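**Student:** Could you have a look at this structure, given as C-alpha cells, before my questions?
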DNA sequence: ATTAATGCAAACGGTTTGCACTACT
DNA sequence: AGTAGTGCAAACCGTTTGCATTAAT
C-alpha cells in the first residue's frame, strides 16, 4: 500500500490501448490532491474549478476507467450518493452522524471484530471501503431536538 | 418491541389532527404485510398492484408521516436508494453481497462488538437500522470473474 | 487511419416540489 | 367550513446513455 502512482498513469493507459487526454489530466490532478473519499459530483465541481468546461459524462466515464485500473474504488455514502475512495489509503469505512452530518473514518482496526466474526460465522468477507455506519456522534448524543430516534 | 399497531393508526393520526384516507389505507395495507426492509419505489410498486392510481408523491409523503409516528424508519441501501424498515422488528443492519446482489440481516447480536467499541471508544451510538455492510458472501467468495476486489 | 474519448443533449430513476383541487374531520 | 391530503405536472439531483465529432495514438 504505497501512494497511488499517478505519474505512470499515462503510460499505463497507453499500454492498454487507452489514451491520455487533457480532460483526464484535470481529473487526475484533482484526485492526486484528494485524500480519502469524495462524491462524483464533488469531483466534477473540483474539475470545473480548474476547467469550467468539464463535462459530467467525461468525469464519470474516466472514473470508471480509473476504477478498472485500481486507482479509485467506489462505494455509497450515507445519503446514497456515489462515493469514490482514492487508493490506496488504508482500507477503512465511515461513521456518519445523522444529527450533525459529521463524518469520520472507521479504521480496519476498529471494525476488525465485526469483520472477523462475519467471516468466521458466515463466510462473509467485508469490503470495509463500502461500509458506512450511521448513528450519533458523542457530541450529538446529549443534544436535544432529535429524540425521535 | 411488540408488533406495529396498525389497527390504532387511524385514531392516532386523528389524535394529531391528521387524517385517515383511502390512499393511506393502501400503503398501510402494504406495510402491514411487509417484513423487514423495502425501498420507497418498491412500496410504490406494491401499492400500485392494489390501486394502480397510486401517486408517488402521496406514498412518499405518507411515509414521512409514518416515520414521524414511529411506524417506519428509513436508511439507505447498498445501492443508495431509500430503504424503509417496518418497525419494530428487531433492530438490525444488513449484509449485501456485491457479487450476487444478495442481502441478509445483520443481527444486533452480531454487530454488538462493533457497537460497543464505538460507543466506548468514541461515544458514537450506532443506529443499526442504517447499517449496510457490503462485501462478498460465502457462496460468492470462491466464484471467478470478480477478482478485481 | 484507427478508434478511444469527448461534448452535447437527452434520458434515466428515485424522490421532491408547488399549487389548485378534493375530501376528511 | 376549515385545512390536511391529494393528484398532477414539473423540477430535482446525480448519474448514464446515444451519437456525431474530435483528437490521441
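Protein chains in written order, with this note's numbering: chain G, 78 to 226; chain B, 78 to 226.
Even glycine gets a Cβ: it sits at the ideal position worked out from N, Cα and C.
Computed from a prediction, not measured in an experiment: that's the story for all the values here.
Counting only Cβ-Cβ distances shorter than 7 Å, please list the residues of the region 202-215 of chain G near chain B, keeping chain order.
**Tutor:** Residues 202, 203, 204, 207, 208, 210, 211, 212, 213, 214, 215.
**Student:** Does any CB atom of chain B fall closer than 8 Å to the CB of residue 146 of chain G?
**Tutor:** Chain B, which has no Cβ nearer than 8 Å to the Cβ of residue 146 of chain G, makes this no.
**Student:** Look up residue 127 of chain G in the DSSP assignment and say whether it is helix, strand or coil.
**Tutor:** Looking at residue 127 of chain G - three-state DSSP - the assignment turns out to be helix.
**Student:** Using a Cβ distance threshold of 8 Å, determine whether the region 196-214 of chain G contacts the region 201-215 of chain B, with at least three qualifying pairs required.
**Tutor:** Touching, per the Cβ criterion.
**Student:** If you measure from the beta carbon of residue 197 of chain G to each beta carbon in chain B, is any gap under 8 Å?
**Tutor:** Not closer than 8 Å to any Cβ of chain B, the Cβ of residue 197 of chain G fails to qualify, so no.
**Student:** Just checking, does the region 96-109 of chain B make contact with the region 129-147 of chain B on the three C-beta pairs under 8 Å criterion?
**Tutor:** Taking 8 Å as the limit for Cβ pairs, the verdict is that the region 129-147 of chain B does touch the region 96-109 of chain B.
**Student:** Apart from the five residues just before and just after residue 225 of chain G, which ones in its own chain have a Cβ nearer than 8 Å to its Cβ?
**Tutor:** Because the pLDDT at residue 225 of chain G is just 41, under 50, the model does not fix this residue reliably, and the point stays unresolved.
**Student:** By the DSSP assignment, the alpha helix (DSSP H) with residue 189 of chain G in it spans what residues?
**Tutor:** Per DSSP, residue 189 of chain G belongs to the alpha helix (DSSP H) from 185-199.
**Student:** Could you work out which residues of chain B lie near residue 90 of chain G, taking near to mean beta carbons separated by less than 8 Å?
**Tutor:** What residue 90 of chain G touches in chain B: nothing, since even the nearest Cβ is about 17 Å away.
**Student:** Between which two residues does the beta strand (DSSP E) containing residue 105 of chain G stretch?
**Tutor:** Unbroken run through residue 105 of chain G is the alpha helix (DSSP H), 99-109; no beta strand (DSSP E).
**Student:** Which value, in whole angstroms, describes the spacing of the CA atoms of residue 235 of chain B and residue 149 of chain B?
**Tutor:** Given that chain B is displayed from residue 78 to residue 226, the structure contains no residue 235 of chain B and the question cannot be resolved.
**Student:** Leaving out the 5 sequence neighbours to the left and right, which residues in its chain are closer than 6 Å to residue 123 of chain G when beta-carbon positions are compared?
**Tutor:** Excluding sequence neighbours, residue 123 of chain G sits near 107.
**Student:** Taking all protein chains shown into account, decide if residue 145 of chain B is buried (16 or more other Cβ within 10 angstroms of its Cβ) or exposed.
**Tutor:** Exposed, since its Cβ has fewer than 16 Cβ neighbours within 10 Å.
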